[in-house]
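Q: Each residue of the sequence shown is one higher than the one before, starting from 1 at the first, in UniProt numbering.
Below you will find the structure I want to go over with you.
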Amino acid sequence: MTRGRRRTVPAALALLLLVGGCGGGGTEDPEGAPSSSSPPAPTEEVSIADGVTLPQTRAGQATAWVLEQLAADEGPGAEEAQERFAEPFLAEVPAAQVAAVFDQLRAGGPYVVEGYEGTEDAARLPLAAEDGRFLLHVVTEADGRMSTLFFEATRAVPDVTSPEDLDAALAGLDAETSVLVADGATCEPLHERESDVARPIGSIVKLYVLDAVRQAVADGTLAWEDTLTLTDDLRSLPSGVLQEEPAGHEVSVRDAAELMISISDNTATDLLIDAVGREAVLAAVERLGHHDPALLTPLVTTRELFQLGFTDPGLRERWAAADAAGREEILAGLPGGEVAVDPALAQDVIWPDGLDWFATAQDLCRAHAGLQESGDETVLGILALNPGIEAPEGWEYVGFKGGSAPGEMAGSWYLGSADGEGYAVVVQIAATDVAAVPDAGWMVGVVGQTAEVLAEEE
């Protein structure tokens with residue numbers, strides 16, 4: 001894992017930012033009218049690291065500004081700070097003192113951004129520095145100004161010198177966890193624990209969507225060059241960039257698939273599901289060896305998951321109590337148009353209510369093995385666009401898909417060597433307490449070391 005070169009952020013400063021940001025909570029103005037001091041907005045998404053892109057949401061734009069300030073030599077001035085921060089924050093950290101805060105933050109850098117998770121008004125980024133790891137939290141108000149900004153120290157990445165160490169790192173979490181290190185072709189375990197237990201997988205479901213697209217192209221019912229058209233009824237929420245495009249925007253099947261895997265674009269995913277049909281995705285679930293496709297039936301799109309989980313508590317309760325037929329009925333009744341997430345629900349853990357996609361570590365290994373066995377060069381290239389880790393020497397190919405949501409995180413890798421040998425590494429973490437799940441950088445750290453160990457054994 002790449003790290004910075006200077007000392008870490010002082011603990012007192014991290015506490016100051018935490019206290020300074022607690023007042024607002026991202027409450028929207030009831031009129032929705034921007035303040036006269038609203039900050040300027042970027043006109044396009046910002047790529048900040050391999051596979052990490054900031055969306056054109058209010059939180060994404062605010063985060064881009066924060067990162068620019070961390071990389072600057074000085075500032076911001078009081079006037080700019082007044083424009084960028086909301087009153088709840090400025091009540092604790094006056095505009096004239098914001099520059100001093102950033103000076104201390106810069107002393108802890110440079111920082112390496114390891115990921116991005118966010119909604120319209122909230123963002124969380126894992127950052128790595130030489131002497132520590134942090135989560136950068138940003139929450140914005142309706143006018144785009146920040147009511148919350150703080151650095152949170154995160155758990156240290158343990159040393160991993162064997163698959164057993166990877167297992168121990170996961171087992172030490174206060175969460176339900178599974179681990180599998182296996183032969184990449186047969187999924188015969190080299191090391192495993194609870195790899196046959198179904199847990200939420202988040203965006204790893206996109207492996208099945210990718211295979212459904214691959215099969216449609218092979219059957220001649222779809223082509224990589226075909227055009228997909230965005231509509232308001234297919235528009236999902238971040239992660240991704242396509243949700244920012246206007247209705248009528250066109251994207252090729254290939255480009256949508258690349259966005260779906262490389263930056264986990266949710267709207268691209270739903271466009272592809274719409275193109276091939278839900279039944280085709282469920283057929284891919286079965287084809288790739290999922291032990292119980294009923295766990296993904298009825299198939300929920302990413303947009304529908306946001307609607308079911310984060311807009312109405314009553315809707316979530318109905319889903320949890322319904323059988324498959326009842327859930328089909330609920331999906332049929334979901335409205336089109338804009339999805340308005342209730343900020344009060346945005347960080348709720350919803351997987352215990354059956355709101356996610358579920359698979360075992362063995363299932364995910366078989367999914368990677370099946371995609372590799374297909375030999376489809378386009379598909380294999382798409383899977384390698386974002387390796388998820390810094391691929392250590394010895395691995396010629398790394399295919400990856402991860403997934404996360406409040407209270408869950410999962411990652412799945414296929415590691416291929418020049419001589420054709422391959423391994424699969426799958427980790428799954430699920431908890432009812434959001435704080436029990438480590439940040440993405442922690443997972444990158446432990447799996448990256450595991451990949452180094454496996455390379456040495458090749």
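Where a beta carbon is used, it is the ideal one built from N, C-alpha and C, also for glycine.
1. State the start and end residues of the unbroken alpha helix (DSSP H) segment that holds Tyr208.
2. Closer than 8 Å by C-beta to Gly441: which residues in its own chain qualify, once you throw out the five before and the five after it? Chain order, please.
3. Please classify Thr27: does DSSP put it in a helix, a strand, or coil?
4. Please specify which runs of the alpha helix (DSSP H), each continuous and at least 4 residues long, are wholly inside the segment 54-131, giving them in chain order.
5. Would you grab the beta carbon distance between Ile261 and Lys401 for me? Rounded to a whole angstrom, and I think it's under 8 Å.
6. Please determine, among Leu364, Glu141, Thr269 and Thr432, the residue with the shortest C-alpha to C-alpha distance to Ile350.
7. Under 8 Å, with one C-beta from each stretch per pair, do the segment 329-341 and the segment 367-379 reach the 3-pair mark?
8. Can you tell which of Ser162, Phe85, Asp183 and Pro110 has the C-alpha that lies nearest to the C-alpha of Ser147?
9. Determine the contact status of Ala122 and Ala95, defining contact as a CB-CB distance below 7 Å.
10. Could you pull the start and end residues of the alpha helix (DSSP H) that Gly445 belongs to?
11. Taking Leu207 and Leu371 to be in contact with their CB atoms under 8 Å, please state how far apart those CB atoms are, rounded to whole angstroms.
12. Using CA atoms only, rank isn't needed, just tell me which of Leu355, Glu421, Pro352 and Val427 is closest to Gly388.
13. Under the rule that 16 or more other beta-carbon atoms within 10 Å means buried, what is Thr221, buried or exposed?
14. Report the three-state DSSP secondary structure of Arg193 (helix, strand or coil).
15. If I'm right that Val179 touches Glu192 with Cβ under 8 Å, what's the distance once you round it to whole angstroms?
16. Roughly how many whole angstroms lie between the Cα atoms of Gly399 and Thr311?
17. So what's Ala410 in DSSP terms, helix, strand or just coil?
18. DSSP has Glu393 in a bridge; who is on the other side?
19. Under the three-state reduction of DSSP, which class applies to Gly370: helix, strand or coil?
20. Start and end of the alpha helix (DSSP H) containing Gln428?
21. Tell me, which residues are paired with Ser178 by DSSP?
22. Starting from the Cα of Thr63, find the closest Cα among Arg106, Phe89 and Leu136 and give me that residue.
23. In this structure, does DSSP put Phe188 in helix, strand or coil?
24. Measure how close the beta-carbons of Thr269 and Thr302 come, nearest whole angstrom, since I'm counting them as under 8 Å.
25. When you compare each of Ser412, Ser236 and Glu68 to Pro246 by their alpha carbons, which one comes out closest?
26. Which residues bound the alpha helix (DSSP H) around Val253?
27. In the DSSP output, what is Ser404 paired with across the bridge?
28. What number of angstroms, rounded off, separates the C-alpha of Ala198 from the C-alpha of Ala169?
29. Nearest to Asn386 by CA position, among Gly411, Pro406, Arg318 and Val285, is which residue?
30. Among Thr450, Asp226 and Val300, which one has its Cα closest to the Cα of Leu234?
31. At which residue ranges does the segment 288-349 contain complete beta strand (DSSP E) runs of 3 or more residues, listed in the order of the chain?
32. What residue range does the alpha helix (DSSP H) around Thr161 cover?
33. Determine whether the beta carbon atoms of Pro298 and Glu328 lie at a separation below 7 Å.
34. In this structure, how does DSSP classify Asp274 when only helix, strand and coil are distinguished?
35. Is the beta carbon of Ala369 closer than 7 Å to that of Ala175?
A: Taking the geometry as given:
1. Judged by DSSP secondary structure, Tyr208 falls within the alpha helix (DSSP H) whose first and last residues are Lys206 to Asp219.
2. So the list reads Met1, Glu114, Gly115, Pro126, Leu127, Ala128, Arg133, Thr154 and Val157, once near-sequence residues are dropped.
3. Model confidence at Thr27 stands at a pLDDT of 26, short of 50, so the residue's coordinates are unreliable; what they give is reported in the following sentence. Assignment of Thr27 by DSSP, reduced to helix, strand and coil, places it in the coil class.
4. For secondary structure counted as the alpha helix (DSSP H) over 4 or more consecutive residues, the segment 54-131 holds these complete runs in sequence order: 58-71, 78-84, 87-90 and 95-107.
5. Right, the Cβ-Cβ distance comes to about 6 Å (below 8 Å), so this counts as a contact.
6. It is Thr432.
7. Not touching, per the Cβ criterion.
8. Each of Ser162, Phe85, Asp183 and Pro110 was checked against the Cα of Ser147, and the nearest Cα belongs to Phe85.
9. Going by C-beta atoms, Ala122 is not nearer than 7 Å to Ala95.
10. If you look at Gly445, you'll find it in the alpha helix (DSSP H) that goes Ala440 to Glu457.
11. Right, their Cβ atoms sit about 7 Å apart.
12. Nearest of Leu355, Glu421, Pro352 and Val427 to Gly388, Cα basis: Val427.
13. Classification for Thr221: exposed.
14. Arg193: strand per DSSP, three-state reduction.
15. With a Cβ gap of about 7 Å, Val179 and Glu192 count as contacting.
16. Taking the straight line from one Cα to the other gives about 34 Å.
17. Annotated three-state conformation of Ala410 is strand, per DSSP.
18. Bridge partners of Glu393: none, in fact.
19. Three-state DSSP puts Gly370 in a helix.
20. Taken as a continuous stretch (DSSP letters only), Gln428 belongs to no alpha helix (DSSP H), being part of the beta strand (DSSP E) at Gly422 to Ala430.
21. Beta-bridge pairing links Ser178 to Gln428.
22. Comparing Cα positions, the closest option is Leu136.
23. The sequence given here has Glu at residue 188, not Phe. The answer is coil: DSSP assigns Glu188 none of H, G, I, E or B.
24. That pair is a contact at about 5 Å.
25. Per the Cα distances, Ser236.
26. It spans Val253 to Ser262 - the alpha helix (DSSP H) in which Val253 sits, taken as one unbroken run.
27. Per DSSP, the beta-bridge partners of Ser404 are Met409.
28. Distance between the alpha carbons of Ala198 and Ala169 is about 20 Å.
29. The option with the nearest alpha carbon to Asn386 is Gly411.
30. Shortest Cα-Cα distance from Leu234 to any of Thr450, Asp226 and Val300 involves Val300.
31. Runs found: none.
32. Element bounds for Thr161: n/a, residue is neither H nor E.
33. One thing to note: Pro298 has its Cβ within 7 Å of the Cβ of Glu328.
34. Of the three classes helix, strand and coil, the one that applies to Asp274 here is helix, per DSSP.
35. In this structure, Ala369 does not lie closer than 7 Å to Ala175 by Cβ.
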